[in-house]
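Here is the structure we will look at, set down as structure tokens.
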Amino acid sequence: MSLPHILSTPRTAMMLVFAAFGAVVGAFSGSIPALVRQTGITSEIFGLALTGLTLTNIVVMALGGAMSRRFAGRHVLLAALP
């Protein structure tokens, strides 16, 4: 099996998406103290913002599941990545 063929498998694509997501979440999590300090907001307000983000993510994930049942998973993933 050649390398370009291995990179084009659905399993590899999902692995790369999850790896990119993990890198972004890790980078964001490490920068939270600096972010709170630089913006001048309180920790409580930042916590509320993260709670809103979490609730939004839950709704969007539910919609993503419904979309992937209706459309091909590849098309949903490619549309959602940008």
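Counting the sequence shown from 1 gives a position; our numbering is that position plus 58. Note that CB positions come from ideal geometry on N, CA and C, so glycine has one too.
- Straight across, the Cα-Cα distance linking residue 108 with residue 76 is about 20 angstroms.
- When the Cα atoms are used, residue 103 and residue 124 turn out to be separated by approximately 32 angstroms.
- Pairing residue 118 with residue 126 gives a Cβ-Cβ distance that is not under 7 angstroms.
- For residue 99, the three-state secondary structure derived from DSSP is coil.
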